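Below: the structure, in structure tokens.
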Amino acid sequence: MQLMIQTASKNYPVFIGEDALQQLKAHLQKADYTNILVITDETVGKLHLDQLQTSLPETAACSIYHVPSGEKAKQFSVYEAALTYALEQGLDRKSCILAFGGGSVGDLAGFVAATFMRGIRFVQVPTTILAHDSAVGGKTGINHPLGKNMVGAFHQPEGVFYCIDFLKSLPISEIRSGFAEAIKHAFIADRRFLEFLMDTIDDVTNITERDLSYVLKKGIEIKADIVGQDERENGLRAVLNFGHTLGHAIEATAGYGKVTHGEAIMTGLVYALYLSQSETGLTYDLHAFEQWLKTLGYRLEIPERFDFEKAIVSMRRDKKSVAHKPRFVLLEEIGKPIIKEIEEERLKQVYKTFISTTTLQRRSSQGD
Numbered sequence: 294m295q296l297m298i299q300t301a302s303k304n305y306p307v308f309i310g311e312d313a314l315q316q317l318k319a320h321l322q323k324a325d326y327t328n329i330l331v332i333t334d335e336t337v338g339k340l341h342l343d344q345l346q347t348s349l350p351e352t353a354a355c356s357i358y359h360v361p362s363g364e365k366a367k368q369f370s371v372y373e374a375a376l377t378y379a380l381e382q383g384l385d386r387k388s389c390i391l392a393f394g395g396g397s398v399g400d401l402a403g404f405v406a407a408t409f410m411r412g413i414r415f416v417q418v419p420t421t422i423l424a425h426d427s428a429v430g431g432k433t434g435i436n437h438p439l440g441k442n443m444v445g446a447f448h449q450p451e452g453v454f455y456c457i458d459f460l461k462s463l464p465i466s467e468i469r470s471g472f473a474e475a476i477k478h479a480f481i482a483d484r485r486f487l488e489f490l491m492d493t494i495d496d497v498t499n500i501t502e503r504d505l506s507y508v509l510k511k512g513i514e515i516k517a518d519i520v521g522q523d524e525r526e527n528g529l530r531a532v533l534n535f536g537h538t539l540g541h542a543i544e545a546t547a548g549y550g551k552v553t554h555g556e557a558i559m560t561g562l563v564y565a566l567y568l569s570q571s572e573t574g575l576t577y578d579l580h581a582f583e584q585w586l587k588t589l590g591y592r593l594e595i596p597e598r599f600d601f602e603k604a605i606v607s608m609r610r611d612k613k614s615v616a617h618k619p620r621f622v623l624l625e626e627i628g629k630p631i632i633k634e635i636e637e638e639r640l641k642q643v644y645k646t647f648i649s650t651t652t653l654q655r656r657s658s659q660g661d
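With the numbering used here, letter number 84 in the sequence shown gets 377, and the count goes up by one each step, no holes.
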């Protein structure tokens, strides 16, 4: 299936399905790229690089650069090394970066493309469920020790080529991580989609290909609609960060990569639902939702050394914050998000309630 992403700066296709690599090959053969640099991680490279290389054209010079897996790829040192490699390979302004991997590889490769010679083209070939969110929309970047994704640029790809076959090799932790973003999309935009997920999916390891394709398509459509209205996050696009304010603080505390992004975001999402009930009067059966999460195997990630007081400092640095005051994406109802500044004392009170009443089993990020 094919979707079109329409933004103020660029329109581009997203292909989802078994024929995505054929579409990629056609795109690369038709484009005028002088040089193609594939940036992939160590894990994806071992599993799928041979299959990808059958889609690379003979008309352009091609090279491969391997980076660490997961969030370790999004470091200044890795970013600099990738730029150095691109220069050594002779990339020019008509060259292309091909991001082949999960969200971290896509974020890094996109940022390399955005900044190499002040910007060259790139394409996304996602290999995770999580990347259905990150591969679309043009956000690229790397982490800073003081905050996640704090260094980056908006840089839209030429296209996204989503081969479902690559998802079959994902470990269960990555499936849950990616599925969390699909749940987020449902909460902020579509009650029926949320009901579909809760009624249909009771085992993330046994999602049919048909259902998975629908989930990916629906999540991308929701994100595309929001990005199309607000490409550079001047207002509306910030609602895509539902659950991310606390989630990013958890990732930073645990150490990037110690807790999967999706698991941390799920913790933040549930906390945001508690905040919504307190601040907007949201009516929602949180107990039933938490029981469903438990069925799917989610366990809220609270690192042993997590200190909510210190986390608030991190929240003040969050990109949604204004004048160093924490702002959260909340729900007035399912599909109706708002952004609200909340007093720190109130955040602490609701956090205590969240910790004491949630039905999910927690674990230390260091102990499992």
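Just so you know, even glycine gets a beta-carbon here, dropped at the ideal spot from N, CA and C.
Here the structure is a predicted model, which is why all the values come from computation and not from measurement.
Shown here, Asp518 sits in a helix according to DSSP, grouped into three states. For the segment 421-464, the continuous beta strand (DSSP E) assignments of 3+ residues that do not extend past its boundaries occur at 432-437, 440-447 and 453-455, in sequence order. Per DSSP, Asp325 lies in no beta strand (DSSP E) and is assigned neither H nor E.
Within the segment 583-646, the beta strand (DSSP E) runs of at least 3 residues that lie entirely inside it are, in chain order, 620-626 and 629-634. Residue range His554 to Glu572 is occupied by the alpha helix (DSSP H) that includes Ile558. By the neighbour-count criterion, in which a residue is buried when 16 or more other Cβ atoms sit within 10 angstroms of its Cβ, Ser302 is exposed. Per DSSP, Phe409 lies in no alpha helix (DSSP H) segment and is marked neither H nor E. Selection Tyr549, Gln368, Ile519 and Cys456 evaluated against Leu509 yields Cys456 as nearest (Cα-Cα). Put simply, of Ile543, Val563, Val520 and Val453 the residue whose alpha carbon is nearest the alpha carbon of His580 is Val563.
Sequence-distant Cβ neighbours of His541 in its own chain, meaning closer than 6 Å and more than five residues away, are Lys441.
Residue burial is scored here from C-beta neighbours: Lys432 has at least 16 other C-beta atoms within 10 angstroms and is therefore classed as buried.
Residue environment: Thr347 is assigned as exposed (fewer than 16 neighbouring CB atoms within 10 Å of its CB, all protein chains considered).
At a Cβ-Cβ threshold of 8 Å, Pro306 and Met297 count as neighbours. For Asn436, the number of other beta carbons within 10 angstroms of its own is at least 16, and it is reported as buried. For Gly338, the enclosing alpha helix (DSSP H) starts and ends at Glu335 to Gln346. Counting C-beta pairs closer than 8 Å gives three or more between the segment 374-391 and the segment 322-334, which meets the contact rule. In this structure, DSSP gives Ser388 a state outside helix and strand, which the three-state scheme calls coil.
When DSSP reads this structure, Leu296 sits in a beta bridge with Val307.
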